[in-house]
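Peer 1: Residue numbers (the working numbering), protein chains in the order written: chain H, 1 to 282; chain E, 1001 to 1503. Virtual Cβ for every residue (Gly too), placed ideally from N, Cα, C. Mind having a look at this structure? Questions to follow.
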Amino acid sequence: MFTIVDKRKMSPEVFRMVFTAPYIARSRKPGQFIIIQQGGDYSERIPLTIADADAEKGTVTIIFQAVGAATHQLALLDPGEAIANVLGPLGQPTHIEKFGKVICVGGGIGAAPLHPIAQAMAQAGNELKVIVGARTKDLIIMEEEMNKISDDVIICTDDGSYGRKALVTEPLKELCEQWKPDMVVAIGPPIMMKFCTQTTKPFGVPIIVSLNTIMVDGTGMCGGCRVSINGKTKFVCVDGPEFDGYAVDWENMMMRLGTFKTQEQKAHHHCHIGLNIKEGEA
Amino acid sequence: MSHTIEQLDAEASVLLAKYSSNELKNKDRLAIPVQEMPSQAPEIRVNNMEEVALGYTEAQVIVESMRCLQCATAPCVDGCPVRIDIPGFIALAAKGDFARSIATIKDSSMLPSVCGRVCPQESQCQLTCTVGKVHKNVDKAVAIGRIERYVADWEANHGTRSIPPVLSSTGKKVGVIGSGPASMTAAADLRRAGHEVVMFEALHKAGGVLVYGIPEFRLPKRIVEEELHTLSDMGVKIEYNFLVGRTATINDLMEREGFSALFIGSGAGLPNFLNIPGENLIGVFSANEYLTRSNLMKAYDKAKAGTPLFDSKKVLVFGGGNVAMDAARTAKRLGADEVNIVYRRTSEEMPARREEVVHAHEEGIIFKYLHAPKEILGDDKGRVTGVKVILCELGAPDSSGRRSPVEIPGSEQVLSCDTVIVAIGNSSNPLIEKTTKGLKVDRKGHIVVDEETCATSMPGVYAGGDIVLGSATVILAMGQGRKAAKAMNEYLLAQEKVGGSAT
């Protein structure tokens, strides 16, 4: 079924995995996501972004950070093994058109789902600049891929270990001042996206963000992913995952991400142990 | 009021000995008391997820079946959406011929073990039952559902589950979207006619609402699995992780993937919220989310489940339907100290089945009638701390015929809680509508179908269950699945003739 054909460790916690999923590979569009569940009665369903897909080969590429129990279990799978359940593509595709000048900002593994969007924006005839940021050099991903689609890829790290020592908002602000973009797309941790919207706001540039909230089914049934958009409740799984960055109630969104904090911390401790054993053996 | 299963069985055995030797007259039958359903004691069952109702014993089911007058008019059959031969299966059960009794039910109903448990018999077959009419009390009608459940379970326990015969292949491929009661019924009937049937399920488990919605304590999941096994044994193929509209569209399936006809049974969709302030605070859940976490994801098994569930002490559930009861009783089992149902009307108007309400009462659920939620309150961390409600009184009947609640000015009060579960129904999921060219839906997004055939506006595409009816019952969904399958079989046959003459 969803057999893993390639797996690479991009940093101690970040993995790139390619698996077969012919329908998803054919149907997916930039901006959409999948939900995986690793079989049996007890495994959690988690949403993951799509980094790339090959319709011909029928494969889908994901890049994920092993941060919770389910992503740790996923990271333990090797080529030849299969992910039991993969549902997708979910959510609305990104609205792609020729806006003119577009800046794509990716933070952490947010750079992975950003790539197909940036690619589509370039193909639609937009002038493209890309900003990729992470905490440290090890966590910078997609640099090479982004270089292929944009002549101007700015790398920043929080600790200055690679590229500029800056948060992504610094070059974003400069570009807003000097380059005057027509559209910004930002994908990354919620706090980064929130600050991106604060950075672009004074310039009146539209900004699209992609939200990754708590989800169970991913088809609109549970409503766990709901966010407040311009004061109206929307479901990330069916109305999103992309929204007008200025319309998002960031405080509420970030707060809701912490709904199961206590339970998750317990689980995270357990799964880290599993992953370390595997690393030791390898 | 509740007796142990041993006591109930002993009482039934005495009655059985008394009546079995002589020919019963109607007067005798009417004198037999309704057999009480043996149940787990409330104080025990609130600590487990096991089924509440244990099922009749053999003596009980025979005694209960003897209460049926076998009246010529059989009004019970008219009360049944799939017109099961009720007097027929009851007569056989009264003789202890359970194999033929279940076979009689299965002529009309695909899922007797499910329907025996979750059908609202008191408003269907038992409502029209002559015995209940004579006693002027619907609670004294023949317990048709309990008898149905017994014979269905008898079959499962005796390993005599029969696989319905399948006609030789027609060479046609038919798709069934969703795997709940409407789809299961349609799939079985379509397969029986010899078509290749593929069932598309978005989730990682099949069964639809029977699996994600109805809790284990009301419908054990092994029963649903058993029914799905029957479908697989018949040759129905289940494609999991397939969301029609996203993974492939209806148009893709019909034009690219070679499906000759489709049945849409995708079910109720998006949970409704009240749109009052505070509904996005931490600790507010839709009943769908709460129940899906517990039922589908098995989050009640905290030691094993990867999916977390909110730790609740004091819970308020908004709504008065079966889903509200399920959510409240689940919260109680998951360890909440206090669980309240908050409902705007009174017990009279409450849509939940009486049996569920009685069970909830027994389990210590508190009912706050004539309370309307106005605002959910939270602390500085965004966690729910309480709900501001206003008291109501009943006014004139509304469009649904129920008396509508009228708020009493100045009667606001705050009920403290840490969890709110919103169980006020669903709206239809727009995904299929939005991704299908030529599919007609009504104002509420329900798919418009022909009442007789369940045919949609698209040739070869049929629909049934909650995506058509809004929120209906398992049996009504099954009825539509059956109706649609019949029409689809006729449509496919006609297609074949057209195709044949063209070549």
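Which of the three DSSP states is assigned to E/Y1462 in this structure?
Peer 2: Looking up residue 1462 of chain E in the second sequence gives position 462. It is a strand residue.
Peer 1: Scan the stretch 1364-1432 of chain E and note each continuous beta strand (DSSP E) run of 3 residues or more that stays entirely inside, going in chain order.
Peer 2: Listed in chain order, they are 1366-1368, 1371-1378, 1384-1397, 1403-1407, 1413-1416, 1419-1422.
Peer 1: Pull up the CB-CB distance for H/F2 and H/V130, whole angstroms please, since I reckon it's below 8 Å.
Peer 2: Taking the first residue of the first sequence as position 1, residue 2 of chain H is located at position 2. Taking the first residue of the first sequence as position 1, residue 130 of chain H is located at position 130. At roughly 30 Å, the Cβ-Cβ gap does not stay under 8 Å, so H/F2 and H/V130 are not in contact.
Peer 1: If you compare alpha carbons, which of H/F203, H/Y23, H/G125 is closest to H/G100?
Peer 2: Position 100 of the first sequence, counted from the start, is the residue given in the question as residue 100 of chain H. Per the Cα distances, H/G125.
Peer 1: Along the chain, where does the beta strand (DSSP E) containing E/G1175 start, and where does it finish?
Peer 2: Taking the first residue of the second sequence as 1, we reach residue 1175 of chain E at position 175. Here the beta strand (DSSP E) through E/G1175 covers 1173-1177.
Peer 1: Between E/A1303 and E/M1325, how many whole angstroms is the CB-CB distance? I'm expecting something under 8 Å.
Peer 2: For the purposes of this step, residue 1303 of chain E is identified with residue 303 of the second sequence, where counting begins at 1. For the purposes of this step, residue 1325 of chain E is identified with residue 325 of the second sequence, where counting begins at 1. That belief does not hold up - the Cβ atoms of E/A1303 and E/M1325 are roughly 27 Å apart, past 8 Å.
Peer 1: Using C-beta distances below 7 Å, list every residue in its chain close to E/G1194, excluding the 5 sequence neighbours before and after it, in chain order.
Peer 2: One-based indexing of the second sequence puts residue 1194 of chain E at position 194. Cβ within range, chain order: V1166, L1167, S1168, S1169, T1170.
Peer 1: Quick test of your reading: E/P1271 and E/N1288, contact by CB under 8 Å. State the CB separation rounded to the nearest angstrom.
Peer 2: The residue given as residue 1271 of chain E occupies position 271 in the second sequence. The residue given as residue 1288 of chain E occupies position 288 in the second sequence. Contact holds; Cβ gap of about 4 Å.
Peer 1: Is H/D54 buried or exposed, if buried means 16 or more other CB atoms sit within 10 Å of its CB?
Peer 2: Within the first sequence, residue 54 of chain H is the residue found at index 54, counting from 1. It is exposed - the Cβ of H/D54 has fewer than 16 other Cβ atoms within 10 Å.
Peer 1: Measuring alpha carbon to alpha carbon, tell me which residue in H/G231, H/V209, H/R45, H/K29 is nearest H/I35.
Peer 2: Numbered from 1 along the first sequence, position 35 holds the residue referred to as residue 35 of chain H. Considering only alpha carbons, the answer is H/R45.
Peer 1: Would you identify the three-state DSSP class for H/L172, choosing helix, strand or coil?
Peer 2: Along the first sequence, one-based indexing puts residue 172 of chain H at 172. Helix.
Peer 1: Against chain H, with Cβ distances strictly below 9 Å, would E/A1487 count as a contact?
Peer 2: Counted from its first residue, the second sequence places residue 1487 of chain E at position 487. No, no contact with chain H.
Peer 1: Nearest CA to the CA of H/A167: which residue from H/P89, H/I155, H/P241, H/A66?
Peer 2: Here residue 167 of chain H is taken as the residue at index 167 of the first sequence, counted from 1. A small fix is needed here, since residue 167 of chain H is Leu in this sequence, not Ala. It is H/I155.
Peer 1: Over what stretch of residues does the alpha helix (DSSP H) that includes E/Q1126 continue unbroken?
Peer 2: Looking up residue 1126 of chain E in the second sequence gives position 126. Here the alpha helix (DSSP H) through E/Q1126 covers 1125-1128.
Peer 1: Examine chain E for any beta-carbon lying closer than 9 Å to the beta-carbon of H/F243, and answer yes or no.
Peer 2: Numbered from its first residue, the first sequence carries residue 243 of chain H at position 243. No - not a single Cβ of chain E is within 9 Å of the one on H/F243.
Peer 1: Grouping DSSP H, G and I as helix and E and B as strand, with all else coil, what is H/K101?
Peer 2: For the purposes of this step, residue 101 of chain H is identified with residue 101 of the first sequence, where counting begins at 1. Correct three-state label for H/K101: strand.
Peer 1: Applying a beta-carbon distance threshold of less than 7 Å, which residues of chain E neighbour H/N85?
Peer 2: Along the first sequence, read from residue 1 onward, the residue named residue 85 of chain H stands at position 85. H1204, Y1240, N1241, listed in chain order.
Peer 1: What do you reckon, are the CB atoms on E/A1463 and E/A1487 nearer than 9 Å?
Peer 2: In the second sequence, residue 1463 of chain E corresponds to position 463, counting from 1. In the second sequence, residue 1487 of chain E corresponds to position 487, counting from 1. Taking 9 Å as the Cβ cut-off, E/A1463 and E/A1487 do not qualify as a contacting pair.
Peer 1: Counting only Cβ pairs nearer than 8 Å, list the residues of chain H close to E/N1288.
Peer 2: As a working mapping, residue 1288 of chain E is identified with position 288 in the second sequence. Going along chain H in sequence order, the residues near E/N1288 (Cβ under 8 Å) are M221, C222, G223.
Peer 1: Do E/G1481 and E/A1187 count as a contact pair if the criterion is CB distance below 9 Å?
Peer 2: Position 187 of the second sequence, counted from the first residue, corresponds to residue 1187 of chain E. Position 481 of the second sequence, counted from the first residue, corresponds to residue 1481 of chain E. Going by C-beta atoms, E/A1187 is nearer than 9 Å to E/G1481.
Peer 1: Answer with yes or no whether the minimum CB distance from E/A1248 to chain H is below 9 Å.
Peer 2: Translated into positions along the second sequence, residue 1248 of chain E becomes position 248. Yes, contact with chain H.
Peer 1: Quick one, are the C-beta atoms of E/G1306 and H/Y246 less than 9 Å apart?
Peer 2: What you label residue 1306 of chain E is simply residue 306 of the second sequence in a count that begins at 1. What you label residue 246 of chain H is simply residue 246 of the first sequence in a count that begins at 1. Not closer than 9 Å, so no.
Peer 1: Whole angstroms are fine: how far does the CA of E/E1356 sit from the CA of E/N1322?
Peer 2: By 1-based counting over the second sequence, the position of residue 1322 of chain E is 322. By 1-based counting over the second sequence, the position of residue 1356 of chain E is 356. If I take the Cα positions, the gap works out to 7 Å.
Peer 1: According to DSSP, what are the bridge partners of H/L128?
Peer 2: Here the question's residue 128 of chain H lines up with position 128 in the first sequence. Looking at the DSSP assignment, H/L128 forms a beta bridge with H/V102.
Peer 1: So what does DSSP say about H/Q65, is it helix, strand or coil?
Peer 2: Taking the first sequence and counting its residues from 1, one reaches residue 65 of chain H at position 65. The answer is strand: DSSP assigns H/Q65 an E or B state.
Peer 1: Looking at C-alpha atoms only, which residue of E/I1105, E/C1068, E/E1226, E/N1429 is the closest neighbour of E/K1140?
Peer 2: Residue numbering aside, residue 1140 of chain E sits at position 140 when the second sequence is read from its first letter. Answer by Cα proximity: E/C1068.
Peer 1: Could you tell me which residues DSSP puts in a beta bridge with H/R164?
Peer 2: Sequence index remark: in the first sequence, residue 164 of chain H carries index 164 (1-based). Looking at the DSSP assignment, H/R164 forms a beta bridge with H/C156.
Peer 1: Thinking C-alpha only, which one of H/T219, H/R226, H/M221, H/C176 is nearest H/P202?
Peer 2: If you number the first sequence from 1, residue 202 of chain H lands on position 202. Among H/T219, H/R226, H/M221, H/C176, the Cα nearest to that of H/P202 is on H/C176.
Peer 1: At a cut of 8 Å, does the stretch 202-216 of chain H reach the stretch 1189-1204 of chain E through at least three beta carbon pairs?
Peer 2: No, they do not touch.
Peer 1: For the alpha helix (DSSP H) that contains H/P190, what are its first and last residues?
Peer 2: For the purposes of this step, residue 190 of chain H is taken as residue 190 along the first sequence, with counting starting at 1. Counting along the chain, the alpha helix (DSSP H) containing H/P190 begins and ends at 190-200.
Peer 1: Determine the burial state of E/A1485: buried for a count of at least 16 other Cβ atoms within 10 Å of its Cβ, exposed for fewer.
Peer 2: Here residue 1485 of chain E refers to the residue found at position 485 when the second sequence is read from its first residue. Result: buried.
Peer 1: At the 9 Å Cβ level, is H/P190 part of the contact set with chain E, yes or no?
Peer 2: Here residue 190 of chain H refers to the residue found at position 190 when the first sequence is read from its first residue. No - not a single Cβ of chain E is within 9 Å of the one on H/P190.
Peer 1: Given this structure, state the Cα-to-Cα distance separating E/Q1060 from E/S1013, to the nearest angstrom.
Peer 2: Within the second sequence, residue 1060 of chain E is the residue found at index 60, counting from 1. Within the second sequence, residue 1013 of chain E is the residue found at index 13, counting from 1. So the two alpha carbons sit approximately 7 Å from each other.
Peer 1: Buried or exposed: where does H/H115 fall if 16 or more other Cβ atoms within 10 Å of its Cβ makes it buried?
Peer 2: Position 115 of the first sequence holds residue 115 of chain H. That one is buried.
Peer 1: At a CB-CB cut-off below 9 Å, which residues of chain E make contact with H/Q284?
Peer 2: Shown here, chain H extends from 1 to 282; a query on residue 284 of chain H therefore has no answer.
Peer 1: Quick test of the definition: if touching needs 3 or more C-beta pairs under 8 Å, does the stretch 1126-1143 of chain E touch the stretch 1102-1113 of chain E?
Peer 2: Touching, no.
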